[in-house]
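Everything below concerns the one structure shown next.
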Amino acid sequence: QNEEKWDFVLVSDIHEMGSEKETKRKKFLDELSKKGFTIKKIEDTKLFYGVRAPQHIFWKYQSLLMNPDSRQQNSSAHQEVPVTTRIRVVHFILQNTVTSDLEKLHDLMKKKVFEAAFPLHKKEEITKILKKKWARWRVLFKEQPIEEIRSYFGEKVALYFAWLGWYTYLLIFAALAGLATVAAGATVFSSSQVSKEICDANNTIMCPLCDQNCSFWVLSDTCTYAKVTHMIDNEATVVFAMFMAIWATVFLELWKRERATVATSWDLYRWDEEEEELALQLINNPQHEPRLYQHSYLRSTIVLILALLMVTVLIGIAHALVIYRAVAMALFMQSEVNLLSKHADIIAVMTGAVLHYVTIIVMTKVRSHTGPWALLPFLEKPRTFSQRENSFTVKIFIFQFFTNFSSLIYIAFFLGRISGHPGHYVRIAGHWRLEECHPSGCITDLFIQMAVIMLLKQTISNIMEYLIPLISHQLRKKQKPPKKRSVMLGEEEEAEDPCKRQWLRNYELNEVNVFSLFNEYLEIVIQYSFTTIFVAAFPLAPLLALINNVIEIHMDAIKMMRLRRRMVPRKAKDIGIWLQVLEAIGILAVIGNGLVIAITSDFIPVQVYKYMYSPCARENHTSMDCSTGYINNSLSVFHIQDFEPHTKAGMEWLWLAPSTELCCRYRDYRNADDYTYTVQFWHIFAARLAFLILFEHVALCVKLIAAWYIPDVPQKVKNQILKEKHNNLRNELRWVMPWKIPG
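Residue numbers are given in the working numbering: position 107 of the sequence shown equals residue 107, and the series is strictly consecutive.
Right, dumping it as structure tokens:
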């Protein structure tokens, strides 16, 4: 029975006898044999080599990494190492075994000497438990079996699922707050004075939205749009943005406590990654010299230039999306299809959002296959795997962040603010006008963009993420050779080999790599960015994230247990650099939401109007709504004879109303005679700045207080560690000989 427990399986094509590949393969397997490895060969359409490490390797591992106190007590006793540790040690030795040609397994796989190397999914009790309690859709709302995940996939994967479960649980509170905000907007604020004024503005003639074939329009046509805007853009949103800033801090602080509890129960506090790596290097090669830390300012400068180059490319893509929206708006307005011309602004925003989603998908594929990112680890020369992973994580996160958010940043903070005004529009290539915000505010554009991207990411992306491995697995299964082949050849013993079916079944699964878990983290951290950074514009983001995560946990579980080969278990104390990334997102969330309320939202202009320019400010009107007259006040007057000569708008107006005063309205605070900014514009600008500074300082202070108030490590855990240290020192004291103590 013990003979059939194999640690790893290597797969190779059947090469010709005496060929270069066959020679290289033999050299590598000979090196393993010299180290005492047992190797079993099974031939099918491929060559399968089962690899089992000798027991003395694990005894060395235990001895090197054992605590000094337990070493003295158990110098002769060797406990059975966990399967996860066994796989990790064998994987390290396989990856670092060097042939006489100075080639490692990685080089041989590049040269197609070996096709794959993987540990096995075995039919054990733990796999049954995980498939029953975790890796199926029926247990969608059940608690995850974290201990079993750890025993099968190792601490790193278990910590990912523990963190994802914790994040999903706390999203319930954020989702409820977001729903309450939208509900308040729909009930309390839907009948707001501002949207009422837009709906009643039958006589307010607005300036055309494009140069050619665009008519003047009546403000009341956009009544529904205004109601939707004020459902999002109201006083409740400010409270919700502040709540989300605190929520992000509390989530991370509570996770630190949860992680401390988990790390203690798994006895990870004394584990050191660097020490383990050095121990494994010495087990693999007793003459090994440690690779020293290196730093080069030249390499760092090259890395920085490459990173800035990629960010510039991404900002360029955001500019391309801006150009698309401006051109699309003009073309839709001129369309003969009534639906397109009537809703040109919304269609331009929505198609722009879909195009943005497509660029996210394309750039993610580009990132994963090519680009300067492939060069960065070689340029930086990190010493350990975790350093390489941390360096890679930061750079890829920045890349993905700009891919996802560059277009949103433009919509939130630049749309409608750099487009100029009637008679003096800013144009792309001197031809297409930049878009303007809707008179009811810019926040709806941001709402639509976020809603489209989040919905597409959580439907299409998730379906593809599940279907592609599923279809790939089914196709690999269909490539199986006929079962009777070996019997027909008269090799009945081989057909009966119990390992053959198991190895083939594992080979048919989709391959995994060292960054498979990284991709899962990246997906959720980008989602966390959407849930926090611009949440003031899209209060339903936490609800969508919650629904997604409940599905994501079990989808990842099914992929890991049923569709992919077994991951090499890795040990970890925490979620690594991702914690710093999440903390950075928390700070960006405060800045982002502060800017959305101060700049994108109409919250500040309405407040300035209420307290400085409304009838309430001039007289004591207790019965009147103080925002009465806001819309009329926020629209500037433009004389149509001042239109640029090449536009057709002025001629149409003369034909429409030859006897009236020739003017139209547009959203801005400008004087009617020379179109310079009014005093009210500067009042609003100052109020926006003051609010931004106040909001960010208050939110950051609250974050700091919350971080101080909630200790990172629970008292119970601290006391447990303290008692362990005390007991260890007391045991050490017993071994100190009385006559060796001075004095």
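Where is the CB? At the ideal position from N, CA and C, for every residue including glycine.
Bear in mind that the values here come from a model prediction, so they are computed numbers and not experimental data.
Beta carbon of residue i nearer than 8 Å to that of residue j
{"i": "L517", "j": "K156", "result": "yes"}
{"i": "F114", "j": "S12", "result": "yes"}
{"i": "T532", "j": "A248", "result": "yes"}
{"i": "T99", "j": "K24", "result": "yes"}
{"i": "C442", "j": "G420", "result": "no"}
{"i": "C210", "j": "M333", "result": "yes"}
{"i": "L120", "j": "R476", "result": "no"}
{"i": "M244", "j": "V535", "result": "yes"}
{"i": "C664", "j": "I205", "result": "yes"}
{"i": "R570", "j": "G18", "result": "no"}
{"i": "F28", "j": "R52", "result": "no"}
{"i": "V89", "j": "Q62", "result": "no"}
{"i": "I411", "j": "L446", "result": "yes"}
{"i": "S407", "j": "E273", "result": "no"}
{"i": "N462", "j": "I551", "result": "yes"}
{"i": "I553", "j": "F161", "result": "yes"}
{"i": "Y507", "j": "A116", "result": "yes"}
{"i": "P539", "j": "T187", "result": "no"}
{"i": "W432", "j": "A344", "result": "no"}
Expected contact under 8 Å - CB spacing of residue i and residue j to nearest Å
{"i": "L704", "j": "R667", "result": "Contact doesn't hold; Cβ gap of about 38 Å is too wide."}
{"i": "L314", "j": "T393", "result": "With a Cβ gap of about 18 Å, L314 and T393 do not count as contacting."}
{"i": "L818", "j": "P542", "result": "There is no way to answer for residue 818, as the model of the chain reaches only from 1 to 743."}
{"i": "G629", "j": "S614", "result": "6 Å"}
{"i": "I591", "j": "I684", "result": "About 20 Å; that fails the 8 Å criterion."}
{"i": "A557", "j": "W134", "result": "5 Å"}
{"i": "V713", "j": "A158", "result": "Wrong, their Cβ atoms sit about 19 Å apart, outside the cutoff."}
{"i": "L94", "j": "F8", "result": "6 Å"}
{"i": "C499", "j": "G178", "result": "So it is not a contact: roughly 53 Å between Cβ atoms."}
{"i": "P422", "j": "F638", "result": "4 Å"}
Residue(s) in a DSSP beta bridge with residue i
{"i": "R670", "result": "Y677"}
{"i": "F8", "result": "V51"}
{"i": "G746", "result": "There is simply no residue 746 to check, as the chain begins at 1 and stops at 743 in what is shown."}
{"i": "I39", "result": "V51"}
{"i": "W682", "result": "Paired residue(s): none; W682 is not in a bridge."}
{"i": "F638", "result": "C664"}
{"i": "W432", "result": "I428"}
{"i": "N510", "result": "R564"}
Buried/exposed call for residue i, threshold 16 Cβ in 10 Å
{"i": "F141", "result": "exposed"}
{"i": "D200", "result": "exposed"}
{"i": "T45", "result": "exposed"}
{"i": "E197", "result": "buried"}
{"i": "A686", "result": "exposed"}
{"i": "M86", "result": "Here residue 86 turns out to be Arg, not Met, going by the sequence shown. Per the 10 Å Cβ criterion, buried."}
{"i": "S296", "result": "exposed"}
{"i": "Q449", "result": "buried"}
{"i": "H726", "result": "exposed"}
{"i": "A699", "result": "buried"}
{"i": "W6", "result": "buried"}
{"i": "D673", "result": "exposed"}
{"i": "E143", "result": "exposed"}
{"i": "T444", "result": "buried"}
{"i": "V354", "result": "exposed"}
{"i": "M363", "result": "buried"}
{"i": "E20", "result": "exposed"}
{"i": "W137", "result": "exposed"}
{"i": "W735", "result": "exposed"}
{"i": "A429", "result": "exposed"}
{"i": "R270", "result": "exposed"}
{"i": "A690", "result": "exposed"}
{"i": "M561", "result": "buried"}
{"i": "E16", "result": "exposed"}
{"i": "Y167", "result": "buried"}
{"i": "N719", "result": "exposed"}
{"i": "H106", "result": "exposed"}
Residue i beta carbon near the ligand MN (any heavy atom closer than 7 Å)
{"i": "T187", "result": "The ligand MN is not part of the structure shown, which contains no ligands of any sort."}
For the segment 556-612, which segments carrying the alpha helix (DSSP H) assignment without a break, of at least 4 residues, lie completely within its bounds, in sequence order?
For the segment 556-612, whole alpha helix (DSSP H) runs of length 4 or above, ordered along the chain, are 578-595 and 603-608.
Which runs of the alpha helix (DSSP H), 4 residues or longer, sit entirely within the segment 301-361?
Taking only runs of at least 4 residues, the alpha helix (DSSP H) segments lying wholly in the segment 301-361 are 338-342.
In the segment 196-258, which residue ranges form an unbroken alpha helix (DSSP H) of at least 4 residues, counting only runs that do not cross its ends?
Qualifying alpha helix (DSSP H) stretches, in chain order: 223-232.
Mind pulling the alpha helix (DSSP H) runs of 4 or more residues that sit fully within the segment 90-163?
Listed in chain order, they are 105-110, 125-133 and 146-153.
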